[in-house]
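One structure below.
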Amino acid sequence: MGYRYYREGEPSQLAVVDIFVSTVDPLKEPPLVTANTVLSILSVDYPVDKVSCYVSDDGAAMLTFEALSEIAEFARKWVPFSKKYGIEPRAPEWYFAQKIDYLKDKVHPSFVKHRRVMKREYEEFKVRINGLVAKATKVPEEGWIMQDGTPWPGNNTRDHPGMIQGFLGQSGGLDTEGNELPRLVYVSREKRHASSHHKKAGAMNALVRVSAVLTNGPFLLNLDCDSYINNNKAVREAMCFLMDPNLGKHVCYVQFPQRFDGIDKSDRYANQNTVFFDMNLRGLDGIQGPVYVGTGCVFNRTALYGYEPPLKPKHKKEGFLSLLCGGP
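Start counting the sequence shown at 21; every next residue gets the next number (my numbering).
Written as C-alpha cells, this is what we have:
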C-alpha cells in the first residue's frame, strides 16, 4: 500500500481521515485525559493535510473549550518532537510514565536535551489544565462569561445553539518548526428541550454531518476521550484494508482491539479482555468480521450513508472523436 499511495517525493495519495473524539462532562472525564488522546491523534504517522480531529463536547462546557485552546498551543511543540524522534506512544502522559530505557535506539545527540525540555513543557501544560479544572468547579451565579464579555452559549447545557471552533489546520498556525499541523475542531451540537438528543449516538451523527461539510473524509475513526492511539501507524494499517483495490469497496469498518494501562502482569481480573478481543473477534474475521465495540473503529463513510456521495459534474469537452462515436 505504501508503494501504491505514498511514494517519497510525490504528493500523497492516501485518503483523508476524519477522527472523532467524544466527551460529555469534563469534571467526570478529566480534560488531561482528553488532551492525551487528542495529542496522540495530532501526532499520528499520516500526512497532516489528510488528518482532521473533531472533538465533540456534548456537555457544552466552557472548560472543554478552554482546554482545547491549551491543547492546540502545546501541540505546536509536542507534534514535531514526537515525529522527529519517533517516540511511542505519542500521548505524553503515558510516554513520560514508561519505565523503560528511553535512550534505546535513539541516535540524535539532541534527543536527551530536547526530551528534558519537553517534559518540563508538559508539566507546565498539566498545571495550566489543572488550573482550568479548579476554576470550573466554582460556577458563577450569572453563568460563564467569555473574554469578549458575552455569555457562554452553553450555560444551559440542555438548551443552547450549536458551536463550532477551529483551533488548528490551514489557518490555525504552524508548529515550532514551521510545519503545518492537522486540523483540530471543537464541536458542541445544538440542543433543545423539545428534541431527543440520543446521547452519544446523536453526538456521533452531528460529527458526521459537520465533518462532511468541512473535510468530508471518506473514512472516519471514532475514539472515546480516554482511548489514545498507542500505535502511530494505526491509521495507515486501517487503510491497508479500506483502500485495498479489490477488498476495500466491500469493507464497512476496521475495528482495533482495546488495550489498557495500569494492569498487573498476570492480569488477575482479566481487564485486558483477551478472550473477547484476541480470540472471539479474530474468530469472527471469517464470518463478516468483528462487531463494533464503540471506540477504535475506522468506518467507511459510504457505508454509514448507504450510498455514494454525489460527485461534481464534469464539464463535457466536445471533440471530433466524441461526437463521431456518440460518446459522453
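For glycine and all other residues, C-beta sits at the position ideal for the given N, C-alpha and C. Small disclaimer: the values here were computed from a predicted structure and weren't measured.
7 Å Cβ cutoff met for residue i and residue j
| i | j | result |
| --- | --- | --- |
| Arg110 | Ser60 | yes |
| Arg321 | Pro238 | yes |
| Val64 | Asn252 | yes |
| Thr315 | Leu204 | no |
| Val318 | Leu241 | yes |
| Asn175 | Trp164 | yes |
Residue range of the unbroken alpha helix (DSSP H) whose run includes residue i
| i | result |
| --- | --- |
| Asn150 | 131-156 |
| Tyr273 | No alpha helix (DSSP H) contains Tyr273, which is instead part of the beta strand (DSSP E) from 273-275. |
| Val53 | 51-62 |
| Ser1 | No answer is possible for residue 1: it lies beyond the span of the chain, which begins at 21 and ends at 348. |
Whole-angstrom C-beta distance between residue j and residue i, which should lie under 8 Å
| i | j | result |
| --- | --- | --- |
| Gly182 | Arg209 | 5 Å |
| Ser76 | Thr43 | 7 Å |
| Phe276 | Ala254 | 6 Å |
| Ala95 | Met263 | Not confirmed; about 27 Å, so no contact. |
| Arg178 | His218 | So it is not a contact: roughly 14 Å between Cβ atoms. |
| Leu62 | Pro171 | So it is not a contact: roughly 31 Å between Cβ atoms. |
Chain-order list of residues whose beta-carbon lies under 7 Å from that of residue i (same chain, five-residue window excluded)
| i | result |
| --- | --- |
| Pro19 | Only positions 21 to 348 of the chain appear in this structure, which leaves residue 19 out of reach. |
Neighbour flag for residue i against chain C, beta carbons, 7 Å
| i | result |
| --- | --- |
| Leu59 | Here there is only one protein chain, and chain C is not present. |
Range covered by the beta strand (DSSP E) that runs through residue i
| i | result |
| --- | --- |
| Met263 | Segment: none, Met263 is in no beta strand (DSSP E) and carries neither H nor E. |
| Phe319 | 317-320 |
| Val99 | Here Val99 belongs to no beta strand (DSSP E); instead the alpha helix (DSSP H) covers 82-105. |
| Val207 | 203-208 |
| Ser72 | 71-77 |
| Phe116 | Phe116 -> not in any beta strand (DSSP E); alpha helix (DSSP H) instead, spanning 112-117. |
| Leu243 | 239-244 |
| Gly186 | 183-188 |
| Asp38 | 37-43 |
Own chain residues within Cβ distance below 8 Å of residue i, not counting five before or after
| i | result |
| --- | --- |
| Leu123 | Phe131, Val132 |
| Leu343 | Below a pLDDT of 50, predicted positions are generally treated as unreliable, and Leu343, at 37, falls in that range; the measurement from the model is reported next regardless. Nothing listed; no residue qualifies. |
| Tyr312 | Tyr273, Gln275 |
| Pro50 | Val153 |
Nonlocal neighbours in the same chain, by C-beta distance under 6 Å from residue i, ignoring five residues either side
| i | result |
| --- | --- |
| Gly339 | In this prediction, Gly339 scores a pLDDT of 42, lower than 50, which makes its location untrustworthy; no coordinate-derived value is stated. |
| Thr84 | Pro46, Asp77 |
| Gly79 | Val44, Asp45, Thr177 |
| Phe40 | Tyr74, Leu227, Asn242 |
| Ser102 | Ser63, Arg110 |
Does the segment 305-312 come close enough to the segment 279-289 that 3 or more CB-CB pairs lie under 8 Å?
-> no
Are the segment 73-92 and the segment 226-241 touching by the rule of at least three beta carbon pairs closer than 8 Å?
-> yes
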